[in-house]
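Scroll down for the structure; my scribbles are underneath it.
Number of protein chains: 2
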Amino acid sequence: MKLSEAKQQFISSWGAFGTQWGINRTMAQIHALLLVSPDPITQDDIMEQLSISRGNVNMNIRDLISWSLVERIILPGERKEYFSAEKDIWKVATQIIKERKKRELDPMLKLLGQLDNIDGDKKDKETKQFIGMIGDIKKLGNQADKVLDVMIKAEENWFTGSVLKIFK
Amino acid sequence: MKLSEAKQQFISSWGAFGTQWGINRTMAQIHALLLVSPDPITQDDIMEQLSISRGNVNMNIRDLISWSLVERIILPGERKEYFSAEKDIWKVATQIIKERKKRELDPMLKLLGQLDNIDGDKKDKETKQFIGMIGDIKKLGNQADKVLDVMIKAEENWFTGSVLKIFK
DNA sequence: TTTTATTTTCAATTTATTTTGAAAGTTCAG
DNA sequence: CTGAACTTTCAAAATAAATTGAAAATAAAA
Chain Y
620 MKLSEAKQQF
630 ISSWGAFGTQ
640 WGINRTMAQI
650 HALLLVSPDP
660 ITQDDIMEQL
670 SISRGNVNMN
680 IRDLISWSLV
690 ERIILPGERK
700 EYFSAEKDIW
710 KVATQIIKER
720 KKRELDPMLK
730 LLGQLDNIDG
740 DKKDKETKQF
750 IGMIGDIKKL
760 GNQADKVLDV
770 MIKAEENWFT
780 GSVLKIFK
Chain C
620 MKLSEAKQQF
630 ISSWGAFGTQ
640 WGINRTMAQI
650 HALLLVSPDP
660 ITQDDIMEQL
670 SISRGNVNMN
680 IRDLISWSLV
690 ERIILPGERK
700 EYFSAEKDIW
710 KVATQIIKER
720 KKRELDPMLK
730 LLGQLDNIDG
740 DKKDKETKQF
750 IGMIGDIKKL
760 GNQADKVLDV
770 MIKAEENWFT
780 GSVLKIFK
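One line per chain: the protein sequences are Y and C, in this order.
Position 71 of the first sequence, counting from 1, maps to 690 under our numbering, and the rest follow consecutively.
Position 94 of the second sequence, counting from 1, maps to 713 under our numbering, and the rest follow consecutively.
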């Protein structure tokens, strides 16, 4: 298989994969392109390689930067900006976990915390089920929170390192 | 806070939460409604409580059933079908992990397996970066695969049980 | 069998999201 | 300062996804 072909397939599949996880297809594709680009590239490179507009590249790059997955690079003597992705895939995973946790899990736990103070008959079947379910989801969320924190804080690569030795 | 109010907020937030994870808002809302309903309910109940059409309920319920999160219940002597969600939140989480792994991680690993046989100069910078990155993602994916398998197979509730004692 | 209740399907519509591209904004060399 | 190079913004257009609702299919009752 030729490199150009494999690269194309990787980018396209990564985009499709992303959409299943609530990530904009183009953002995932730009990330994929940057992941396999050894050197920083420009907005124009991305526009050309993915056949997308300047505005689209600009917005999605900004998004990727807000996730700390991509950085803006100014080369001395060059007018154009270059972009480069974090290449350590463990750091990438960690960073995504960290951000999703902050943006989604934390607010969800906050919400659940507000929902357990229900007026009325605690012996009512509906009320009991509701309070019980909210409590269970909260427990699950808190445990996930702890697990993810350990993963985020692990110094070494948890996908080869010692933290997850328990998983054989 | 009144039950009806809390329930409404839970359903609505669960829907919003779902969309961030690539899950249809309505499907997540139906699931939320079923989670807090102690007894099985009908399509008409769902239509009424969420103000959505019959076709919509039908399709999303089918989807939830395909995820093994909801089951169809036929009450003897009743013409209508009833629906009930799995209430053990640990089983729910496990089931979702299992399904997403099967539907998404497995195909992704399959794809990556096809992309590492690149023709041409293995010393070329682009080629090296591509092969290295694909290999790294594959390693990460395989490790995630193992971790998730352990979670899926754990007998006890992993969010309170012994498997994750390592996470303090 | 025929009628009636209920579920399923799916083309058409609505709604939500993404993308474009040109204008406005910014930066910097001369 | 001025103008060229480059980046950002955002309203409008395009695309994608979800929803409706009525007709068709199915299943149970009469």
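Yeah, the Cβ is synthetic: ideal placement off N, Cα and C, and Gly gets one too.
Here the structure is a predicted model, which is why all the values come from computation and not from measurement.
Asked                                                                                                           : Found
Neighbour flag for ALA625(Y) against chain C, beta carbons, 8 angstroms                                         : yes
Interface flag, LYS787(C) vs chain Y, CB-CB below 8 angstroms                                                   : In this predicted model, LYS787(C) has a pLDDT of only 44, less than 50, meaning its place in the structure is not dependable; the value taken from the coordinates is given anyway. Yes, LYS787(C) lies at the interface with chain Y (some Cβ there is under 8 angstroms from its Cβ).
Limits of the alpha helix (DSSP H) - the one that ALA763(C) falls within                                        : 744-772
Straight-line Cα distance separating ILE753(C) from ASN761(C)                                                   : 12 angstroms
Beta-carbon proximity check, GLN639(C) vs GLU723(Y), cutoff 8 angstroms                                         : yes
Buried versus exposed call for SER656(C) [16 or more other C-beta atoms within 10 Å across all chains shown]    : buried
Identity of the residues DSSP links to SER703(Y) by a beta bridge                                               : GLU690(Y)
Neighbourhood of ALA647(Y) by C-beta, 6 angstroms cutoff - its chain only, sequence neighbours within 5 removed : TRP633, GLY634 and GLY637
Cβ pair THR746(C), LEU622(Y) closer than 8 angstroms                                                            : yes
Bounding residues of the alpha helix (DSSP H) (the contiguous stretch that carries SER632(C))                   : 622-639
Cβ shell of MET727(C) (< 8 angstroms), same chain only, five flanking positions each side left out              : GLY760
For THR661(Y), the residue or residues it bridges with in DSSP                                                  : TYR701(Y)
Cutoff 8 angstroms; reference ILE771(C); Cβ partners in own chain excluding five residues on either side        : THR713, ILE716, LYS717 and LYS720
Alpha-carbon to alpha-carbon, ASP725(Y) and LYS787(C)                                                           : Here LYS787(C) scores only 44 on pLDDT, less than 50, and its place in the model should not be relied on; the value that follows carries that caveat. In a straight line, the C-alpha of LYS787(C) is about 19 angstroms away from that of ASP725(Y).
Whole-angstrom C-beta distance between THR661(Y) and LYS699(Y), which should lie under 8 angstroms              : 5 angstroms
Chain C within 8 angstroms of VAL655(Y), Cβ atoms only                                                          : yes
Short Cβ contact (8 angstroms threshold) for ILE693(C) with SER703(C)                                           : no
Through-space distance from VAL689(C) to GLY696(C), alpha-carbon basis                                          : 22 angstroms
Contact with chain C by GLU718(Y), beta-carbon distance below 8 angstroms                                       : no
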